[in-house]
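K.L.:
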Amino acid sequence: MRLVPFLTAALAASGCAPRAARIPAKAAEDMQCPKDQISVMEVESQGDSGPHWAMGCGKKVVYELDSRGEWVVNAPILKDPQHIKPQVDDR
5 MRLVPFLTAA LAASGCAPRA ARIPAKAAED MQCPKDQISV MEVESQGDSG PHWAMGCGKK
65 VVYELDSRGE WVVNAPILKD PQHIKPQVDD R
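Number 39 in the working numbering belongs to position 35 of the sequence shown; there are no gaps in the numbering.
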């Protein structure tokens with residue numbers, strides 16, 4: 005899901021941007037992965053300020069807002085297993 009860049013541009017034009025829009029730049033630095041390869045999605049249905057997965061370059065990590073409103077990594081950066089593929093029903 006790559007909605008964050010689209011939402012950032014759309015909402016920046018209106019003067020407000022979602023908090024989660026700041027995650028890709030932070031994740032790119034933390035995971036040493038180009039920003040355009042980062043995708044972000046909610047971990048749970050807690051909205052823009054809830055925890056979010058950042059995924060890219062075969063890695064994933066969860067970000068949460070701290071008391072200052074900054075996105076921080078709350079667990080080690082995990083390597084995303086490349087050998088697990090979604091099952092596809094070929095029937």
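Beta carbons: idealized from backbone N, C-alpha and C, even for Gly.
What you are looking at is a predicted structure, and each value in this text was computed from that prediction instead of being measured.
1) Give the C-beta separation of Trp75 and Lys39 to the nearest angstrom, bearing in mind that I take them to be a contact with Cβ-Cβ under 8 Å.
2) Does DSSP put Ser71 in a helix, a strand or coil?
3) Answer with buried or exposed for Met35, where buried requires no fewer than 16 other C-beta atoms within 10 angstroms of its C-beta.
4) Using the three-state DSSP reduction, which class does Ala79 fall into: helix, strand or coil?
5) Comparing alpha-carbon positions, which option in Glu33, Tyr67 and Arg72 lies nearest Ala24?
P.N.:
To lay it out plainly:
1) Contact flag wrong, Cβ pair sits at about 14 Å.
2) coil
3) buried
4) coil
5) Tyr67
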